[in-house]
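Engineer:
4 protein chains.
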Amino acid sequence: MRMTVRIAVAGASGYAGGELLRLLLGHPDIEIGALTANSSAGDKLLQHQPHLLPLADRQLQDTTAETLKGHDVVFLALPHGHSAELAEQLGDDTVVIDCGADHRLTSADDWKRWYGGEHAGSWPYGLPELPGQRERLVGARRVAVPGCYPTVSSLALAPAVDLIEDEVVIVAVSGTSGAGKSLKPNLLGSEVMGSASAYGVGGAHRHTPEITQNLSAAAGRPIKVSFTPVLAPMSRGILATCTAQLKDASGVREAYEKAYANEPFVHVLPEGFWPTTNAVLGSNAVQMQVTVDSDLNRLVVVAAVDNLAKGTAGAAVQCMNLALGLPETTGLSTVGVAP
Amino acid sequence: MRMTVRIAVAGASGYAGGELLRLLLGHPDIEIGALTANSSAGDKLLQHQPHLLPLADRQLQDTTAETLKGHDVVFLALPHGHSAELAEQLGDDTVVIDCGADHRLTSADDWKRWYGGEHAGSWPYGLPELPGQRERLVGARRVAVPGCYPTVSSLALAPAVDLIEDEVVIVAVSGTSGAGKSLKPNLLGSEVMGSASAYGVGGAHRHTPEITQNLSAAAGRPIKVSFTPVLAPMSRGILATCTAQLKDASGVREAYEKAYANEPFVHVLPEGFWPTTNAVLGSNAVQMQVTVDSDLNRLVVVAAVDNLAKGTAGAAVQCMNLALGLPETTGLSTVGVAP
Amino acid sequence: MRMTVRIAVAGASGYAGGELLRLLLGHPDIEIGALTANSSAGDKLLQHQPHLLPLADRQLQDTTAETLKGHDVVFLALPHGHSAELAEQLGDDTVVIDCGADHRLTSADDWKRWYGGEHAGSWPYGLPELPGQRERLVGARRVAVPGCYPTVSSLALAPAVDLIEDEVVIVAVSGTSGAGKSLKPNLLGSEVMGSASAYGVGGAHRHTPEITQNLSAAAGRPIKVSFTPVLAPMSRGILATCTAQLKDASGVREAYEKAYANEPFVHVLPEGFWPTTNAVLGSNAVQMQVTVDSDLNRLVVVAAVDNLAKGTAGAAVQCMNLALGLPETTGLSTVGVAP
Amino acid sequence: MRMTVRIAVAGASGYAGGELLRLLLGHPDIEIGALTANSSAGDKLLQHQPHLLPLADRQLQDTTAETLKGHDVVFLALPHGHSAELAEQLGDDTVVIDCGADHRLTSADDWKRWYGGEHAGSWPYGLPELPGQRERLVGARRVAVPGCYPTVSSLALAPAVDLIEDEVVIVAVSGTSGAGKSLKPNLLGSEVMGSASAYGVGGAHRHTPEITQNLSAAAGRPIKVSFTPVLAPMSRGILATCTAQLKDASGVREAYEKAYANEPFVHVLPEGFWPTTNAVLGSNAVQMQVTVDSDLNRLVVVAAVDNLAKGTAGAAVQCMNLALGLPETTGLSTVGVAP
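Chains as they are written, first to last, in the UniProt record's numbering: chain A, 1 to 339; chain B, 1 to 339; chain C, 1 to 339; chain D, 1 to 339.
Next up, the structure:
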């Protein structure tokens with residue numbers, strides 16, 4: 001006999017919400033309850049998520065505490081600043097998994113500087129593969145799902161923090177779905193296809209303090225992060241190139257293999273293989289390769305993740321499993337959809 | 001207690017083989033046995049299918065009857081002309097599901113004209129949604145999986161055969177994975193991206209006689225098929241636009257709704273919605289919409305399918321389920337991976 | 001000594017306007033005057049057309065008759081319904097080239113049915129390669145530039161009108177720039193990439209009456225047009241597959257070669273070659289191939305055009321050349337940008 | 001009266017050769033002579049370059065000194081190792097512009113390490129925008145055209161060499177045409193579309209020593225270069241993100257504006273604008289933006305170039321102009337083809 005977990009998704013009309021539902025439809029223990037939206041409330045889900053046929057006729061409801069109450073788990077896929085108030089109203093009976101940024105940063109100063117307004121406090125951080133995080137997620141009632149760039153960047157560099165100098169450089173190529181369904185001219189297909197462009201350059205992207213927080217915590221000392229995101233003509237996927245000066249080039253590969261030996265979703269590829277975003281599309285896997293540029297004594301790690309899956313919704317499901325005491329990999333897969 | 005079905009895949013290094021394995025990894029009743037290839041025999045699967053992490057270390061074996069023998073089901077994803085001899089050596093203990101063309105055409109003359117050489121005979125045709133086909137597949141020991149274009153074109157037009165004149169026009173836009181991993185200059189990314197091109201124009205594509213066979217059988221009279229495939233810059237997906245002069249424009253929508261009311265994988269969309277290939281990516285679903293151009297009294301049906309999934313490997317799994325007496329939808333999904 | 005033609009572009013922030021300016025920057029006889037916009041008036045052009053570096057600092061002005069007056073030629077790249085009033089105010093001193101739909105249709109009834117509102121009358125139709133059109137364009141003061149689909153479809157079928165039955169079927173695969181910079185969810189890169197979709201199905205697209213008008217005029221009898229546009233994941237380019245039942249299959253190729261023997265921009269490819277949209281990207285060329293499906297006695301023509309170039313802005317420049325008595329090919333090219 | 005320069009292209013069937021011909025067809029002083037190839041000798045050019053309609057009927061000849069002799073300028077677009085011997089046989093009557101790598105590196109040791117075999121010596125380096133290079137190109141009889149990555153990376157960092165520490169980190173996202181028409185599985189459209197991947201990681205790419213050479217020469221001291229190329233799903237374009245620790249953050253912007261104030265092809269964008277590869281597609285322009293990450297005191301420069309145009313063939317034409325004493329910008333443009 002299996003228990004059935006009744007879940008709700010707030011923000012079901014967006015990309016993160018859609019991916020949550022795609023994964024939850026394949027999860028054996030889930031019953032899908034309320035689906036909510038803002039401006040799209042009242043619409044059939046088919047209108048926004050035509051790939052989710054089993055839920056095509058579901059009607060989107062307003063995003064209110066009343067609608068979301070009474071579910072075992074509520075997933076929030078909302079713009080930042082909307083989670084804290086809703087979560088308070090839901091009470092501790094309900095596990096709340098927040099795919100937004102509101103409860104990721106531990107420093108109120110960081111929050112104020114990067115997002116503005118008052119800090120809602122931090123929740124257990126949903127990257128169980130980082131040292132010390134999994135324990136905090138088991139049985140948690142609140143989880144802050146990491147940002148997509150912090151997920152792949154932190155996993156790519158955390159095993160090396162003791163071996164590197166204090167500054168890392170990350171350039172991460174991303175598909176456009178990370179920007180959501182925002183109707184901006186630069187996100188139009190005609191603009192995106194055939195083109196690459198950087199944004200948030202010079203330390204301006206809000207994921208920078210989150211990466212800094214993760215790596216500094218792993219290192220036990222401040223790590224400085226130069227982070228540049230680049231938009232590439234693909235819907236999904238992030239390929240992060242992460243480099244740092246090495247203090248000690250010996251033992252690099254071993255450090256990575258040891259760190260992830262027992263992790264079901266993080267794979268250090270055999271030597272000679274390099275990750276591609278296609279290979280992780282739709283999956284919860286992170287594929288990475290690590291090497292040393294011996295002319296420069298510099299570490300270079302390249303890691304691939306699906307920004308919507310392990311980068312957002314897959315991590316959310318993984319955290320739900322941990323929170324509920326289910327096997328961590330339930331409903332998740334390391335098998336990508338390729339080509 | 002569940003039975004476990006031990007399967008082998010011949011041609012595991014190609015796109016069809018990779019998609020078979022992706023789906024079979026998610027099938028609850030399957031144990032994956034031998035994986036074979038031709039020129040890639042000896043390689044680790046990771047080298048060819050980096051998205052199939054659970055099988056990364058599997059070694060590809062030679063494609064021989066010896067290797068394939070002793071499995072409950074053998075999937076053949078081979079170039080045409082290679083199936084008949086292998087199948088003979090496997091015997092009737094083994095269910096053989098042929099993703100190639102060898103046993104699709106019922107007419108030896110058609111075979112000779114379109115493929116050349118001797119006709120190996122026809123096997124039960126793996127499109128259970130066509131009238132009369134499902135019965136032939138239940139318990140079958142041999143199945144000919146349809147071509148990708150015939151799958152979507154036949155499903156798009158079969159419900160209307162009694163309402164239309166004898167000639168249909170089909171223009172089907174396809175992703176490039178339908179051409180396989182062949183190293184041809186026109187399939188290079190640099191050539192494909194940003195470009196559309198037709199091929200096999202003027203009735204020259206080998207899927208033409210297969211569509212003709214299906215529609216003529218459904219109609220009980222000869223149907224003439226004008227078929228043009230168009231390559232578009234995407235990896236997967238076929239969008240077929242199918243039109244025919246109507247004898248009778250009344251009852252068109254009803255005919256489609258009736259034909260597919262109980263089909264788990266074929267969905268006639270509500271009025272006002274049009275299919276996209278994204279919405280069926282990675283799934284076994286066919287999404288379609290039907291309308292009448294009333295100025296011309298002409299039927300227009302647009303249908304979307306994933307050429308590798310329901311168009312090849314998904315159909316193969318669906319047929320295996322029928323052949324073995326498993327629930328037809330086991331291990332298959334109508335949920336696409338989008339965006 | 002060369003004359004210098006001073007031109008203005010209304011709608012300079014859009015895709016058609018941008019392409020006009022790209023071509024006019026390479027035209028030896030042009031001085032670029034006022035650039036106007038609507039909601040973007042006041043902006044620097046760089047903000048909207050970062051590829052037009054020589055005009056980066058130009059400021060967009062309001063689209064008014066006052067701003068446009070006094071130029072030798074005014075190009076209108078505006079939403080439909082805005083051209084007639086502006087053109088009236090400009091007077092006959094100014095050549096007006098309208099890239100919009102307002103003056104393409106000769107029938108007021110057609111206008112009312114397809115666009116609504118009052119018909120502004122028809123102008124000389126800017127497709128000089130159609131029988132009888134070039135003469136009307138020489139010295140014209142007003143020109144209606146054809147729609148992109150009508151351009152390629154009409155050129156693909158006009159040479160055959162005497163050889164075919166009265167109904168044609170056209171399925172045209174198009175890049176997304178044809179939809180302009182409209183901020184619609186289905187035009188977002190995340191939705192478009194990896195996906196094909198049909199729209200305006202069943203004779204609902206506004207280019208249908210324009211194609212019908214062209215082919216019927218060329219035939220001297222009513223031609224019925226089944227037209228389905230399909231959006232593919234590319235920014236530019238249309239590939240049209242055009243078929244019709246043949247009355248007489250002899251002389252097909254000759255008819256095409258004769259029709260376009262002296263046309264600088266329309267190329268019937270040698271047998272065995274098929275057009276691709278890449279090959280005409282950025283150019284004013286139309287590439288086509290013609291064949292007969294002998295099983296069906298059916299004509300199949302495949303033709304490629306750049307929707308923004310020969311499909312819109314290139315045609316506009318070509319028509320300007322004719323109107324002003326310049327050599328027709330000035331500033332235009334048959335050389336595409338590939339790969 | 002203009003002089004006419006008769007040119008030949010060796011390697012006319014490839015991407016670099018095709019782009020050379022595209023640009024030369026628009027150059028007012030050029031007569032296109034012999035076009036040669038290796039395995040494609042004997043073919044019509046249409047078969048390999050369908051976008052070059054004016055040359056469609058030209059027949060490719062064998063790549064021999066006999067065929068190439070007697071032209072004013074010979075462009076070599078050949079695999080590395082083939083230029084030196086050919087160039088010797090052509091004599092100094094002929095200007096030889098080598099798009100290959102053979103004569104770029106000044107150090108014989110570097111050549112041996114990165115390419116192997118004997119060093120053929122270095123030629124004037126075709127990046128006139130670097131300090132001291134333009135003078136060497138005026139009137140040159142031999143020119144080594146830079147690699148595509150070194151072009152954009154060197155231009156992005158050279159103005160800052162006096163302001164930065166000795167180590168730079170470059171991650172450059174490139175379209176696939178940089179890899180040429182090689183028939184490799186990872187370059188197939190099905191693999192490339194929707195996917196990003198790194199290659200030559202850890203200092204393994206052959207363009208590393210060329211970038212090092214350029215920046216060290218500009219700095220007058222050794223500069224260490226960490227370079228990672230990333231393949232993105234687009235045919236053309238490179239977007240390079242280039243960072244370095246600053247010794248002195250004041251005067252950064254001024255250094256760039258001063259360096260390129262009089263350069264016709266290198267544009268430092270106004271503050272707030274970031275380059276995209278679309279905006280330079282098909283053009284000879286380099287667009288860049290520069291900023292300082294003040295938390296890290298780190299320079300970040302993002303620069304875009306068309307790898308085939310300014311990155312290869314456009315640079316070659318620019319160098320030909322300098323070599324022949326023509327205006328440097330003849331036949332070249334800063335106008336991109338977008339969207």
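We put the beta carbon where it would ideally sit given N, CA and C, even for glycine.
(1) Thinking C-beta only, is B:I238 closer than 9 Å to B:A279?
(2) Between the beta-carbon of C:K224 and the beta-carbon of B:L296, is there less than 9 Å?
(3) Taking the alpha-carbon of B:T63 as reference, which of B:Q47, B:L55, B:A41 has the nearest alpha-carbon?
(4) Go through the stretch 218–304 of chain A residue by residue and report every complete run of the beta strand (DSSP E) that reaches 3 residues or more, in order.
(5) According to DSSP, is D:E118 part of a helix, a strand, or is it coil?
(6) Name the chain A residues whose beta carbon is nearer than 7 Å to that of D:W274?
(7) Would D:T4 be called buried (16 or more neighbouring beta carbons within 10 Å of its own) or exposed?
(8) Just checking: is the beta-carbon of C:T176 within a distance shorter than 9 Å of some beta-carbon in chain A?
(9) Looking at the C-beta of C:K44, does it have a partner C-beta in chain A at a distance below 9 Å?
(10) Using only the alpha-carbon positions, how far apart do D:R253 and D:T241 sit?
(11) What residue from A:Q213, A:A16, A:R6, A:S154 has the CA that sits closest to A:M288's CA?
(12) I need the boundaries of the alpha helix (DSSP H) containing B:A84, first residue and last residue.
(13) Alpha helix (DSSP H) containing D:E191: first to last residue?
(14) Quick check on DSSP: helix, strand or coil for A:A37?
(15) Just how far apart, CA to CA, sit B:D43 and B:S13?
(16) Counting contacts by CB-CB distance shorter than 9 Å, is A:G189 in contact with chain C?
(17) Are any of the Cβ atoms in chain C nearer than 9 Å to that of B:T4?
(18) Does the beta-carbon distance from A:T330 to A:H27 come in below 9 Å?
(19) Taking buried to mean at least 16 other C-beta atoms within 10 Å of its own C-beta, is C:A120 buried or exposed?
(20) Using DSSP with H/G/I as helix, E/B as strand and the rest coil, what is A:V138?
(21) Given that B:G194 touches chain D, what residues does it touch there, using C-beta distances under 7 Å?
(22) What residues from chain A crowd round B:A156, counting only those whose CB sits closer than 9 Å?
(23) Taking 8 Å as the limit between beta carbons, can you name the residues of its chain near C:T151, skipping five residues before and five after?
(24) When burial is assigned at 16 or more other CB atoms within 10 Å of the CB, is B:S226 buried or exposed?
(25) If you follow the alpha helix (DSSP H) that B:S154 is in, where does it begin and where does it stop?
(26) Any idea what DSSP makes of B:R58, helix, strand or coil?
(27) Determine the direct distance from the alpha carbon of A:P131 to that of A:A259, and round the result to whole angstroms.
(28) Going by DSSP in three states, C:S195 sits in which element: helix, strand or coil?
(29) Residues of the stretch 235–259 of chain A in Cβ contact with chain D at a cutoff of 9 Å, in chain order, please.
(30) Can you tell me whether C:D166 is helix, strand or coil according to DSSP?
(31) Buried or exposed: A:L137, going by 16 or more other Cβ atoms within 10 Å of its Cβ?
(32) Taking 9 Å as the CB-CB cut-off, is D:R142 touching chain A?
(33) Just verifying my parser: in three-state terms, what is the DSSP assignment at D:R206?
(34) Per DSSP, what kind of secondary structure is A:L21 in: helix, strand or coil?
(35) Taking only beta-carbon positions, decide if B:E19 is within less than 9 Å of chain C.
(36) So which residues of chain A does C:K310 contact, with C-beta pairs closer than 8 Å?
Structural biologist: Reading off the structure:
(1) Here B:A279 is not near B:I238, since their CB atoms are 9 Å or more apart.
(2) In terms of Cβ geometry, C:K224 and B:L296 form a close pair [threshold 9 Å].
(3) Looking at the Cα atoms, B:A41 is the closest of the given residues.
(4) Listed in chain order, the complete beta strand (DSSP E) runs (minimum 3 residues) inside the stretch 218–304 of chain A are 224–231, 238–246, 266–268, 286–293.
(5) In the three-state scheme derived from DSSP, where H, G and I count as helix and E and B as strand, D:E118 is classed as coil.
(6) In chain order: S197, A198, Y199, V201.
(7) Burial call: exposed.
(8) At least one CB atom of chain A sits nearer than 9 Å to the CB of C:T176.
(9) Cβ-Cβ to chain A under 9 Å: no for C:K44.
(10) Each residue's Cα considered, the two are about 16 Å apart.
(11) Ranked by Cα distance from A:M288, the options A:Q213, A:A16, A:R6, A:S154 are led by A:S154.
(12) Taken as a continuous stretch (DSSP letters only), the alpha helix (DSSP H) holding B:A84 covers 83–90.
(13) Per DSSP, D:E191 belongs to the alpha helix (DSSP H) from 189–192.
(14) DSSP, reduced to helix, strand and coil, places A:A37 within a strand of the structure shown.
(15) The straight-line gap from Cα to Cα measures roughly 9 Å.
(16) Taking Cβ atoms only, chain C reaches closer than 9 Å to A:G189, which makes this a yes.
(17) Not one chain C Cβ lies under 9 Å of B:T4.
(18) Yes, the Cβ-Cβ distance between A:T330 and A:H27 is below 9 Å.
(19) Result: buried.
(20) A:V138: coil per DSSP, three-state reduction.
(21) Neighbours of B:G194 in chain D, taken as residues at a C-beta separation under 7 Å, are given in chain order as S235.
(22) None at all; the shortest Cβ gap to chain A is about 17 Å.
(23) Only L127, V286, V305, K310, G311, A315 meet the Cβ criterion.
(24) Result: buried.
(25) From DSSP, the alpha helix (DSSP H) with B:S154 extends over 148–157.
(26) Assigned with DSSP and collapsed to three states, B:R58 falls in coil, not helix or strand.
(27) Using only the alpha carbons, I get a separation of about 9 Å.
(28) Of the three classes helix, strand and coil, the one that applies to C:S195 here is coil, per DSSP.
(29) For the stretch 235–259 of chain A, which is checked against every Cβ of chain D, the residues closer than 9 Å are S235, R236, G237, I238, L239, T241, T243, Q245.
(30) In the structure shown, C:D166 sits in a strand (DSSP, three-state: E or B).
(31) Buried, since its Cβ has 16 or more Cβ neighbours within 10 Å.
(32) Taking Cβ atoms only, chain A never reaches closer than 9 Å to D:R142, which makes this a no.
(33) Three-state DSSP puts D:R206 in coil, outside helix and strand.
(34) Annotated three-state conformation of A:L21 is helix, per DSSP.
(35) Answer no: the Cβ-Cβ gap between B:E19 and chain C never drops below 9 Å.
(36) Neighbours of C:K310 on chain A: none; closest Cβ ~18 Å, over 8 Å.
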